[in-house]
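Have a look at the structure below before the remarks.
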Amino acid sequence: MFNHKNILITGGTGSFGKTYTRILLQNYKPNRIIIYSRDELKQSEMANVFNDKCMRYFIGDVRDLDRLNTAMRDVDFVIHAAALKQVPIAEYNPMECIKTNINGAQNVIEACFKNGVQKCVALSTDKACNPINLYGATKLASDKIFVAANNIAGKFQTRFSVARYGNVIGSRGSVIPLFKKLIAEGVRELPITDERMTRFWISLEDGVKFVLSSFEKMHGGEIFIPKIPSMKIVDLAHALAPNLGKKIVGIRAGEKLHEIMISSDDSRLTFEFEKYYVIAPSIRFIDEDSDFSLNALGEKGKKVKDGFSYSSDNNSQWVSEAEILKIINHTQVD
């Protein structure tokens, strides 16, 4: 569906955007891939790697609606990946996080409407479910904004969905690059926030493929959540450096012991498919009544049991130390 189409990626110079671009170029024949971000150095570096004739690079911020409107002319599909994501920094700079993650989300929606974009998928995070930190709260608000946008589309054709998943192996700011850096510096101990802490894990490539597939499966208004494995942070540290000690440093501001992607409160809206879950919108759309138990490809899901939750500590899938090392070794860590 991406052949001969114009595709825009907000925050496109990040780990996700670069991997998404690579997979698009390898597997499709897009007319244009537009990288929209505010960092000219990262754009220059990315342009040295991805210099195909279909590539376009736009300097701009999602806070700037006028610039978004210019960048989205004749665009068919939008991937909204731009966000301020560092949990402790967001706690200290809440309004800056709100301006990008909430106001920026609304700007993306308005630009999509104005330019007749067909579909937009917004990236979310496990931290948006039952949030306890500012970053998670802004992403929950963003998720709600994108879902509700389908209800105000009116004469506009654009449909919006959300893809929510856990920690991305290889992404900037994640714990794996930190651990590898400390190991290379010769530390004797790795910092562990809490021995009980668990997280969901997904590779960059799997995350990109999941978002790509969401475009084909979406009606508009649903939240897609992949079935991915969990791992204890202490086991991750042992896998990377089995001979190093561990130093318990305490949970940082805004951190959880375990992450949740589907809360028990959302179980009444959740459908299970073979490799993913879908959370149907909690609001009823005025212009249409989609059956979210059936995706756009005709695949059928089943309703989960009342009270079901999908948490990194109650997950049925766990990644072993050997498996996480294999993934890390095949992943370019930014």
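Numbered by the working numbering, the letters in the sequence shown go through residues 51 to 384 in order.
Ideal Cβ positions, reconstructed from N, Cα and C, are used throughout, including at glycine.
Nearest residue (CA-CA) to residue i, options the options
i	options	result
Ile57	Ser221, Lys79 and Arg113	Lys79
Ile148	Tyr327, Thr188, Asn98 and Leu319	Thr188
Glu255	Val158, Met247 and Tyr215	Tyr215
Ser253	Ala132, Ile226 and Glu309	Ile226
Ser340	Tyr360, Leu319 and Phe358	Leu319
Ala346	Glu371, Glu272, Asn180 and Leu115	Glu272
Gly357	Asn151, Ser313, Asp363 and Arg238	Ser313
Ser359	Arg334, Pro331, Asn379 and His308	His308
Asn157	Ala172, Val197, Lys169 and Arg113	Arg113
Lys355	Ser317, Ile329 and Glu373	Ser317
Delimiting residues of the beta strand (DSSP E) encompassing residue i
i	result
Gly295	Gly295 to Ile298
Asn379	It is not in any beta strand (DSSP E) - Asn379 instead sits in the alpha helix (DSSP H) that spans Glu371 to Asn379.
Leu262	It is not in any beta strand (DSSP E) - Leu262 instead sits in the alpha helix (DSSP H) that spans Leu254 to Lys267.
Asn217	Asn217 to Ile219
Leu240	Glu239 to Ile242
Beta-carbon proximity of residue i to residue j, cut-off 9 Å
i	j	result
Ile242	Lys297	yes
Met281	Trp368	yes
Tyr70	Ile109	no
Ser264	Ala213	yes
His269	Phe323	no
Met96	Thr63	yes
Glu141	Leu190	no
Gln136	Gln168	no
Element boundaries [alpha helix (DSSP H), containing residue i]
i	result
Lys68	Ser65 to Asn77
Ser94	Glu90 to Val99
Ile233	Val225 to Ala234
Phe163	Gly154 to Asn165
Val197	Leu184 to Ala199
Residue-chain proximity (residue i, chain C), Cβ-Cβ < 9 Å
i	result
Lys352	Judged by its chain identifiers, the structure shown contains no chain C, having just a single protein chain.
For residue i, the three-state DSSP class (helix, strand or coil)
i	result
Glu146	helix
Leu290	helix
Arg123	coil
Arg82	strand
Pro138	helix
Ser343	coil
Ser314	helix
Lys277	coil
Ala178	helix
Arg385	Nothing can be reported for residue 385: it is not among the residues displayed for the chain, which extend from 51 to 384.
Arg117	helix
Lys329	A quick correction: the sequence has Ile, not Lys, at residue 329. It is a strand residue.
Leu307	coil
Per DSSP, the bridge partner or partners of residue i
i	result
His130	Thr60 and Ala172
Thr248	Lys282
Glu322	Tyr327 and Lys352
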